[in-house]
Each structure stands twice: as structure tokens, then as C-alpha cells.
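Counting with full-length UniProt numbering, you get residues 1 to 190 for the letters of the sequence shown. Backbone N, C-alpha and C define an ideal beta-carbon position, used for all residues, glycine too. Being a predicted model, the structure only gives us computed values, none of them experimental. What follows is a set of notes on a single structure, which appears directly below.
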Amino acid sequence: MEQALLELLTYGGSPRISELLRISLDQIDFEKKCIYLNKKNQNKNNRPRMIPFPDIVLDKLKQIEPYFPNKQTNIWGHRMSAKQVRGLIKSCAAYGKVKYCAAHDFRKAGLEYQLRRLQKYSKQQLIDSIMEFVSISPQLNPIVNRGGIKTPKYTPEILASKQIRWLQNQFLTQMLGHSRNDKVCPYKRG
């Protein structure tokens with residue numbers, strides 16, 4: 001179970017500890033390989049988001065699924081506290097002979113992993129992924145006024161007019177649960 005937690009922190013959408021501890025099986029979409037962080041007060045600013053994850057995390061989550069009596073049980077939060085998660089991270093860093101790292105450092109590592117993955121995406125794949133992110137809640141794709149016309153903030157046509165670098169940053173922004181592209185910059189600085 002701890003290995004699944006660490007792999008989700010590393011390769012997934014880098015959830016914050018408070019978000020991670022409230023993840024339950026009913027929030028996992030095994031087909032789409034993502035977790036919907038949509039519980040009330042689960043996320044920063046109560047902003048719902050989706051966390052994509054690779055097959056390695058999918059396999060671990062499928063392995064632990066049978067051990068839960070119901071889908072609403074928090075996967076890690078029913079057994080671990082935030083302090084215990086931080087302790088696990090610290091002990092793994094020591095075991096791996098890595099300088100001390102905090103849970104927030106996993107957001108940087110997850111961003112680097114996702115950025116490498118995004119380099120292989122076509123423009124259309126980026127547009128589709130962003131639209132998938134913002135479609136999970138009207139809060140993520142609000143209606144805005146553009147020249148007197150009310151339209152969703154994100155549409156495939158609007159996104160198609162953007163450069164690939166902007167689309168990559170927007171994908172990462174949505175993945176990290178931020179509302180502005182410039183909020184991704186601190187994670188890129190190392």
C-alpha cells in the first residue's frame with residue numbers, strides 16, 4: 001500500500017498530502033487511468049481536479065482494491081496520518097541516499113515526469129487532455145464574456161489557437177490543481 005502511495009506521488013498528478021489521504025476507491029477510474037479529486041474540501045480552494053497516472057500505479061491500485069470492504073473507504077487516510085506520510089517519505093529518501101525531500105518535492109518530480117510524457121503528445125492530444133480536465137466540473141470551465149459573446153473559457157477551437165508550450169503548461173496547471181499557468185513555474189525551477 002505504501003508503494004502505491006509513493007508511486008502515485010511520483011508518477012501521478014502529485015496530489016498534496018491532504019488530498020491524498022482523502023482518496024477513496026470510488027474516485028478512481030481504472031479505465032481512464034485517473035483519480036477524480038472531487039470530494040468537498042478535499043482540494044486547495046475546493047477546486048476539483050483529475051489526476052492522471054501511468055500503468056505502474058494502475059497495477060498497484062488494482063492489487064490493493066480487493067482489501068477494502070467498500071469503495072468509500074479512504075485508501076491511505078484510514079491507516080495513515082499526514083505525519084506518517086511525511087515519515088515514510090523521509091525514510092525512503094534516507095534509504096535511497098537522497099537528500100531529505102518533502103512531500104512537496106514530489107510535485108516537482110511528478111511535473112518533470114509529466115512534462116517528459118507531454119513532449120510526445122501531438123497538439124490534438126494536448127487539446128483533448130485539457131478538455132478532459134476541464135470537463136469534470138463547470139467550475140473549471142466557466143462561461144466568460146469574449147467581445148460581448150458568452151462562451152466557455154476553454155473550447156477545442158480556442159485551445160487550437162494556442163502554442164504547444166502554452167498547452168503543455170495548461171495541462172500541467174490543471175494537473176496540479178492551479179488556476180493560472182504561471183503557478184507551474186516554481187515547480188520547474190527545481
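- The C-beta distance from Ser24 to Ile75 rounds to 6 Å, short enough to fall under 8 Å.
- In the pairwise beta carbon analysis, the region 128–138 is classified as not touching the region 78–97: fewer than three pairs are separated by under 8 Å.
- Along the region 38–72, the alpha helix (DSSP H) occurs as fully enclosed runs of 4 or more residues at 55–64, listed in sequence order.
- Annotation for Pro156: no beta strand (DSSP E) segment contains it, though the alpha helix (DSSP H) segment containing it runs 156–160.
- Your pair Gly110 and Gly12 checks out as a contact, with CB atoms roughly 6 Å apart and the cut at 8 Å.
- Rounded to whole angstroms, Phe106 and Val134 show a C-alpha spacing of 23 Å.
- Out of Ile64, Lys44, Cys34, the CA that lies nearest to the CA of Met50 is found in Cys34.
- Going by DSSP, Asn169 is part of the alpha helix (DSSP H) stretching over 164–176.
- DSSP places Val144 within a strand segment (E or B) once states are collapsed to three.
- Cys34 carries a strand assignment under DSSP once its states are collapsed to helix, strand and coil.
- The beta-bridge partner set that DSSP reports for Thr151 consists of Val144.
- Here Ser24 carries a strand assignment [DSSP, helix/strand/coil].
- For the pair Lys71 and Lys90, the Cα-to-Cα distance works out to about 30 Å.
- By alpha-carbon distance to Leu118, the top candidate from Pro142, Glu31, Ile164, Arg47 is Ile164.
- Val144 and Gln168 have their C-alpha atoms spaced approximately 22 Å apart.
- Of the residues assessed, Ala94 falls on the exposed side of the cut-off, its CB having fewer than 16 other CB atoms within 10 angstroms.
- Distance between Leu8 and Asn181, taken at the CA atoms: about 23 Å.
- Under DSSP, Asn74 shares a beta bridge with Ser24.
- In summary, Arg22 is buried, with 16 or more beta-carbon neighbours lying within 10 Å of its beta-carbon over all protein chains present.
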